[in-house]
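Beneath this line is the structure, given in C-alpha cells, with notes to follow.
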Amino acid sequence: MADSSKIAGTIAGDGPIWLVGAGNMGGAMLRGWLDGGIDPARITVIRPSGTPIAGVTVLTAPPIDGEMPAVLVLAMKPQKLDEAVPALAPLTGEGTLIVSVLAGVEVPSLAKRFPQHRAIVRVMPNTPSGIGQGVMLLHAGADADAAAKGDAEALVAPLGLCEWFDDEALFGRASALSGCGPAFLFRFIDAMARAGEGQGLAPDQAARLALATVQGAAQLAAGSEESPATLADRVASPGGSTRAGLNVIDDGEALDRLMADVLAASARRNEEMAAAAR
Ligand SMILES: NC(=O)C1=CN([C@@H]2O[C@H](COP(=O)(O)OP(=O)(O)OC[C@H]3O[C@@H](n4cnc5c(N)ncnc54)[C@H](OP(=O)(O)O)[C@@H]3O)[C@@H](O)[C@H]2O)C=CC1
Ligand SMILES: O=C(O)[C@@H]1CCC=N1
Numbered sequence: 032m033a034d035s036s037k038i039a040g041t042i043a044g045d046g047p048i049w050l051v052g053a054g055n056m057g058g059a060m061l062r063g064w065l066d067g068g069i070d071p072a073r074i075t076v077i078r079p080s081g082t083p084i085a086g087v088t089v090l091t092a093p094p095i096d097g098e099m100p101a102v103l104v105l106a107m108k109p110q111k112l113d114e115a116v117p118a119l120a121p122l123t124g125e126g127t128l129i130v131s132v133l134a135g136v137e138v139p140s141l142a143k144r145f146p147q148h149r150a151i152v153r154v155m156p157n158t159p160s161g162i163g164q165g166v167m168l169l170h171a172g173a174d175a176d177a178a179a180k181g182d183a184e185a186l187v188a189p190l191g192l193c194e195w196f197d198d199e200a201l202f203g204r205a206s207a208l209s210g211c212g213p214a215f216l217f218r219f220i221d222a223m224a225r226a227g228e229g230q231g232l233a234p235d236q237a238a239r240l241a242l243a244t245v246q247g248a249a250q251l252a253a254g255s256e257e258s259p260a261t262l263a264d265r266v267a268s269p270g271g272s273t274r275a276g277l278n279v280i281d282d283g284e285a286l287d288r289l290m291a292d293v294l295a296a297s298a299r300r301n302e303e304m305a306a307a308a309r
C-alpha cells in the first residue's frame, strides 16, 4: 500500500496531470497514485484505445481546449513517442513538468521533442510501483531547478524508493537492475518452482512454496541489519544441505556471472534505444 502521507502536499501546484499511456507501467503507477491518495480529478489518462479506468478521466487524445498540463507523464513505449509528440508538444508550455518513464530516451531527445517545458525529469520505475513498493530512479535535465526536482520526487515518492542520478548514462545502466529487475526475479521464482517439481512436488505446491520463500526472504533481508550474504550463512549449517546447494551457486561464481551477463544485455539494449531516439 502506498504511503498516503507522502502525497498529501501539492505536486506542481494543483494543475492537471496527464498520464500518456496506462499499460503495464503507467497503469501500475496510476494504481499507486490512486491508492496513495492523489486527487483523481487532477489526472487525465490519454491512451489510443480509450479503455476506461474507474475513477479517472480517460481520453483517446489530449484535450485541446483545456488547461495546460502541470505535469505530463510519458508512459508509452519508446517506439510510440514520435507518434504521440505532434498532438502533445503544442499543448505543453513553460509551466509543464515533463516526467518520462521511457527506457533509453534521454533528456536531450525529449527536449528536442518538447521544447516548451518547465523541466524534464526522467523516472525509471518498476511494476511494484502499483503496490507502493517500487524503485524509482530519477534523473533531471540541466535546466531543472530544485523546485521542479522536488515536484517530480513528490509525484513518485508514494510509489517506492527514490534514488537520484546526476549521470544519465549511469541512470540508464541502473535501469537494467531495478527497472528490469522484477522480471528477472519472477523468472527466478519460476525456476525455483520448476526445480521443486523436479524433486517430486506438485506444480501448484512448488509454485506456492517458491513464492512464499522469496517473499519471506526478501522481507527478512529488507528488515535486517545483516547483509544477504550473512543471512545466507545463517541458513547454511556447516556440512548441511544448504551449503551443498550454495556450493553449486558459488562454483565459478555461476550466479554472479549470470547476473552480470543479464544486466549487461539489458543495459546494452537501453543504449541502443537511446541511440534510436537521438
Ligand atoms: N513495463 C515495465 O516494467 C516498465 C516500463 N517502462 C517504460 O514504460 C513505458 C510503457 O511500457 P509498458 O507499460 O510496459 O507498455 P504497454 O504496452 O503495456 O503500455 C503502453 C501504453 O501506451 C499507450 N500508447 C500506445 N500508443 C500510444 C500513442 N501513440 N500515444 C499515446 N499512448 C500510446 C497504450 O495505450 P492503450 O492502453 O490504449 O493500448 C498503453 O496504455 C515504456 O516506455 C517502458 O520503457 C519503464 C520501467 C518499467
Ligand atoms: O523492457 C523495457 O524496455 C522496460 C524498461 C525497464 C522495464 N521494462
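If you read the sequence shown in the working numbering, its first letter stands for residue 32, the second for the next number, and so on.
Positions of the beta carbon are idealized from the N, C-alpha and C atoms, including for glycine.
Checklist entry - Who are residue 167's beta bridge partners in DSSP? => result DSSP output for residue 167 lists 193 as bridge partner(s).
Checklist entry - If you drop the 5 nearest sequence neighbours on each side, which residues of the same chain put their C-beta closer than 6 Å to that of residue 154? => result 130, 132, 167, 169 and 187
Next on the checklist: Can you tell me whether residue 259 is buried or exposed? The criterion is at least 16 other CB atoms within 10 Å of its CB, across all chains shown.
Outcome noted: exposed
Item to check | Given residue 177 as reference, the closest of 150, 66 and 158 once Cα atoms are compared | outcome: 150
Checklist entry - Which first and last residues belong to the beta strand (DSSP E) in which residue 154 is found? => result 150-155
Checklist entry - Pairing CB atoms from the segment 120-128 with CB atoms from the segment 76-85, are three or more of them under 8 Å? => result no
Item to check | Neighbourhood of residue 39 by C-beta, 6 Å cutoff - its chain only, sequence neighbours within 5 removed | outcome: Unreliable positioning characterises residue 39 in this predicted model, as indicated by a pLDDT of 44, which lies under 50. A coordinate reading is not provided.
Checklist entry - Which word fits residue 61, buried or exposed, when buried means at least 16 other C-beta atoms lie within 10 angstroms of its C-beta? => result buried
Item to check | CB contact flag (residue 311, residue 78, <9 Å) | outcome: Summary: the structure shown does not reach residue 311, with the chain confined to residues 32 through 309, and so no result is reported for it.
Next on the checklist: Under 8 Å: does the beta carbon of residue 75 sit that close to some heavy atom of ligand 1?
Outcome noted: no
Checklist entry - Just to check, is the beta-carbon of residue 255 closer than 8 Å to a non-hydrogen atom of ligand 2? => result No; taking the cut-off as 8 Å, the Cβ of residue 255 has no heavy atom of ligand 2 nearer than that.
Checklist entry - Considering residue 138, what are the terminal residues of the alpha helix (DSSP H) in which it resides? => result 138-144
Checklist entry - How long is the line joining the alpha carbons of residue 147 and residue 120, rounded to whole angstroms? => result 8 Å
Item to check | Proximity of residue 172 and residue 141 at Cβ, strictly below 9 Å | outcome: Yes. Within cutoff.
Checklist entry - Is the beta carbon of residue 167 within less than 8 Å of some heavy atom of ligand 2? => result no
Checklist entry - If we ignore side chains and look at the alpha-carbon of each, how far apart do residue 152 and residue 215 end up? => result 26 Å
Next on the checklist: Does the distance between the C-beta of residue 94 and the nearest non-hydrogen atom of ligand 1 fall short of 8 Å?
Outcome noted: no
Checklist entry - Mind checking residue 175: buried by the 16 CB within 10 Å criterion, or exposed? => result Buried, by the Cβ-count rule.
Checklist entry - Measuring CA to CA, which of 213, 117, 183 and 72 is closest to residue 93? => result 117
Checklist entry - With DSSP run on the structure shown, which of helix, strand or coil describes residue 294? => result helix
Checklist entry - Taking Cβ positions, are residue 307 and residue 135 nearer each other than 9 Å? => result Their beta carbons are under 9 Å apart, which means residue 307 touches residue 135 by this criterion.
Checklist entry - Leaving out five residues before and five after residue 224 in sequence, what residues of the same chain have Cβ atoms less than 6 Å from its Cβ? => result The residues are 237, 238 and 241.
Next on the checklist: Tell me the residue span of the alpha helix (DSSP H) that contains residue 266.
Outcome noted: Where residue 266 is concerned, the enclosing alpha helix (DSSP H) stretches over 259-266.
Next on the checklist: My parser needs the alpha helix (DSSP H) runs of 4 or more residues fully inside the segment 100-140; what are they?
Outcome noted: Residue ranges of uninterrupted alpha helix (DSSP H) with 4 or more members, entirely inside the segment 100-140 and ordered along the chain, are 112-119.
Next on the checklist: For residue 49, list the residues DSSP reports as bridge partners.
Outcome noted: 75 and 103
Item to check | Under 5 Å, CB to nearest heavy atom of ligand 2: contacting residues | outcome: 134, 210 and 211
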